[in-house]
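> Okay, so the sequence shown: first residue is 222 according to our numbering, each after it adds one. Using N, Cα and C, we set each Cβ at its ideal position, and we do this for glycine too. These figures come from a predicted structure and were not determined experimentally.
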Amino acid sequence: MDSPSDKAFPQLIEAVRKVCAEVAAAQAPDVDAKARFPIETLAALREWHVLSAAVPAQFGGAGCTMQQLAQICATVAQSCASSAMVLAMHYIQVACIARHGTDSEYFHGYLRDLVRRQYLLASMTSEVGTFGDTRSSVCAVTRSAGRFRLDKDATTGSYCAHADAILVTARRDESAAKSDQVLVLVRREDCTLSQTTSWDTLGMRGTCSPGFKLVSSGDEAQILPGAFADCSAQTMVPYSHILWAALWWGIAAGAVAKAAQFVRGQARQTPGTMPPTAGRLAEVSVQLQTLKQNWVAAARDFDDLGDGAHAREELLSMAWALRLNSLKIACSDQSPEIVQRALRIVGILGYKNDSPFALGRHLRDALSGALMISNDRIAAKNASMLLVHKEAA
Ligand SMILES: Cc1cc2nc3c(=O)[nH]c(=O)nc-3n(C[C@H](O)[C@H](O)[C@H](O)COP(=O)(O)OP(=O)(O)OC[C@H]3O[C@@H](n4cnc5c(N)ncnc54)[C@H](O)[C@@H]3O)c2cc1C
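#1: Suppose contacts are defined by Cβ-Cβ distances below 9 Å. Is G427 in contact with Q416 by that definition?
#2: Can you check DSSP and say which residues form a bridge with M495?
#3: Of the residues L592, K611, A579, which one's Cα is nearest the Cα of S300?
#4: Where DSSP assigns a beta bridge to L406, which residues make up the other side?
#5: Output the distance between the C-alpha atoms of P492 and W516, rounded to the nearest integer angstrom.
#6: Evaluate the contact criterion for the segment 338-351 versus the segment 258-276: three or more CB pairs, one atom per stretch, below 8 Å.
#7: Whole angstroms is fine: what's the gap from G424's alpha carbon to V307's?
#8: For A391, which residues from the same chain have a beta carbon less than 7 Å from its beta carbon, with the 5 sequence-adjacent residues on both sides left out?
#9: As a quick exercise: from S438, P496, T494, I559, pick the residue whose alpha carbon is nearest that of A366.
#10: First and last residue of the beta strand (DSSP E) that includes C412?
#11: So, for S226: in the same chain, excluding its five sequence neighbours on each side, which residues have a beta-carbon less than 8 Å away from its beta-carbon?
#12: What's the C-alpha gap between Q292 and W469?
#13: Would you check if the segment 481-491 and the segment 307-318 touch, i.e. whether three or more CB-CB distances between them fall below 8 Å?
#14: Going by DSSP in three states, F483 sits in which element: helix, strand or coil?
#15: Less than 9 Å separating the beta-carbons of F523 and I463?
#16: Assuming A467 and C241 are in contact, meaning their beta carbons sit under 8 Å apart, how far apart are those beta carbons, in whole angstroms?
#17: Relative to ligand 1, is the shortest distance from any of its heavy atoms to the C-beta of L592 smaller than 8 Å?
#18: So within the segment 432-487, which uninterrupted beta strand (DSSP E) runs reach at least 3 residues, ignoring any that extend past its ends?
#19: Could you have a look at F523 and say whether DSSP puts it in helix, strand or coil?
#20: Ordered along the chain, which non-local residues of its own chain (more than five positions away) have a Cβ less than 7 Å from that of I550?
#21: Compute the minimum distance between the beta carbon of A587 and the heavy atoms of ligand 1, and state whether it is under 8 Å.
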């Protein structure tokens with residue numbers, strides 16, 4: 222069956238390509254050099270209503286499928302990985318609201334406002350004292366007279382200072398266990414953010430992700446219904462791992478495109494002779510294609526599941542958890558490998574920061590993938606699941 226976005230998507234992806242060619246690619250070196258937020262790219266994406274691509278059509282959004290959102294993220298990543306990461310993280314938050322706020326009038330209204338105003342949503346799962354484990358929180362929501370209060374000391378908060386709202390994980394209440402979490406929509410006007418650390422990193426510099434102390438309050442209706450445990454397994458993890466995999470592929474594809482351009486230039490200089498780099502370009506293209514098949518297949522299978530009770534149950538299964546974890550590990554490991562192979566093809570012109578073939582930013586950005594929810598942490602979870610999971614892969 223066609224998705225509601227099938228008509229709108231060709232126009233949307235064309236707009237995204239235009240933004241990439243005219244804005245994102247041109248701004249990316251400056252965004253990286255100054256570790257500044259990609260303001261121009263996000264403004265252009267807002268103008269084309271790309272920020273509401275993940276909002277269901279019933280609330281006025283494009284209602285894009287996972288495959289379509291992944292294609293958008295992969296496209297942006299070829300020009301500016303930081304912008305693609307901002308967009309992917311935003312889509313993940315929108316999906317959490319759209320899929321878990323279905324019974325809430327407040328969240329219906331919020332999604333409509335998001336479409337109108339092209340709100341940008343950030344995420345705050347990390348916290349001092351939880352050591353990179355998104356499924357546990359120290360901070361807790363307190364409630365009184367229909368209002369909540371929530372303070373959090375986050376280690377990393379991408380573009381929080383530029384977002385219209387932040388989705389924050391916290392314990393359900395002060396007596397709850399560290400894994401008994403809820404997700405709370407904190408609006409920018411309802412909070413104060415005090416920056417606690419810097420963001421002078423190797424890569425993904427434009428995501429502007431320092432630590433923040435958050436002090437917030439708001440209406441109780443802003444607490445997403447249900448347990449974060451379900452939201453995490455059914456939405457946050459699948460959207461994160463598939464959209465991130467697509468964008469890590471996009472970084473690698475951008476690097477291979479530069480290598481291909483370089484090899485074609487060499488071929489033109491020596492007509493009739495195959496440049497020695499052409500063989501290596503063919504080899505790296507195989508790896509790039511394999512990586513693409515991995516996220517495309519996961520996105521397609523996710524879409525094919527649909528969104529009924531059975532699909533939600535399936536997403537809680539070990540089979541899906543293992544598959545998504547393996548996708549994340551494979552794609553984040555392979556992306557920098559491919560960029561490095563592209564760098565070897567281009568040689569010194571790829572190593573120089575001021576050359577049109579520069580690949581330093583691609584490599585530095587791609588290296589963040591394995592750290593962003595540590596691959597070791599994910600591999601350890603897979604190892605313990607595989608001790609009991611007996612189904613064939
Ligand atoms: C570009 C970028 C953007 C980010 N944006 C956000 C954001 O917007 N919001 C947010 O909340 N967070 C964000 N994060 C943080 C991220 O989600 C994680 O919280 C963070 O990457 C965890 O980092 P860590 O290395 O300190 O923690 P850990 O996962 O504790 O890892 C520390 C070390 O321990 C090792 N280790 C951990 N577990 C195991 C294990 N079981 N076996 C063996 N070794 C193990 C790891 O390999 C690593 O060497 C971002 C991170 C990046 C890189």
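Considering the structure as presented:
#1: The Cβ-Cβ distance between G427 and Q416 does not fall below 9 Å.
#2: Per DSSP, M495 has no beta-bridge partner at all.
#3: That would be A579, whose Cα lies nearest to the Cα of S300.
#4: Paired residue(s): L388.
#5: A direct Cα-Cα distance of roughly 38 Å separates P492 from W516.
#6: With a cut-off of 8 Å, the segment 258-276 and the segment 338-351 count as touching, because enough Cβ pairs lie within range.
#7: Near 14 Å, if we compare the C-alpha coordinates of V307 and G424.
#8: In its chain, beyond the 5 residues on either side, S358, C360, A361, V362, L371, K373, Q402, V403, V405 have a beta carbon closer than 7 Å to the beta carbon of A391.
#9: Looking from the CA of A366, the closest CA among S438, P496, T494, I559 belongs to S438.
#10: Counting along the chain, the unbroken beta strand (DSSP E) around C412 starts and ends at 412-416.
#11: Residues of the same chain with a CB within less than 8 Å of the CB of S226, apart from the 5 flanking positions on each side, are L233, A274, A278, A283, G284, C285, T286, Q289 in chain order.
#12: Looking at the two C-alpha atoms, the distance is approximately 12 Å.
#13: Contact between the segment 307-318 and the segment 481-491 is absent, with fewer than three C-beta pairs closer than 8 Å.
#14: Under the three-state reduction of DSSP, F483 is assigned to helix.
#15: Taking 9 Å as the Cβ cut-off, F523 and I463 qualify as a contacting pair.
#16: Wrong, their Cβ atoms sit about 14 Å apart, outside the cutoff.
#17: Correct: L592 has its Cβ closer than 8 Å to ligand 1.
#18: For the segment 432-487, whole beta strand (DSSP E) runs of length 3 or above, ordered along the chain, are 433-440.
#19: DSSP, read as helix, strand or coil, puts F523 in helix.
#20: Contacts found: N596, I599, A600.
#21: Answer for A587: no, Cβ out of range of ligand 1.
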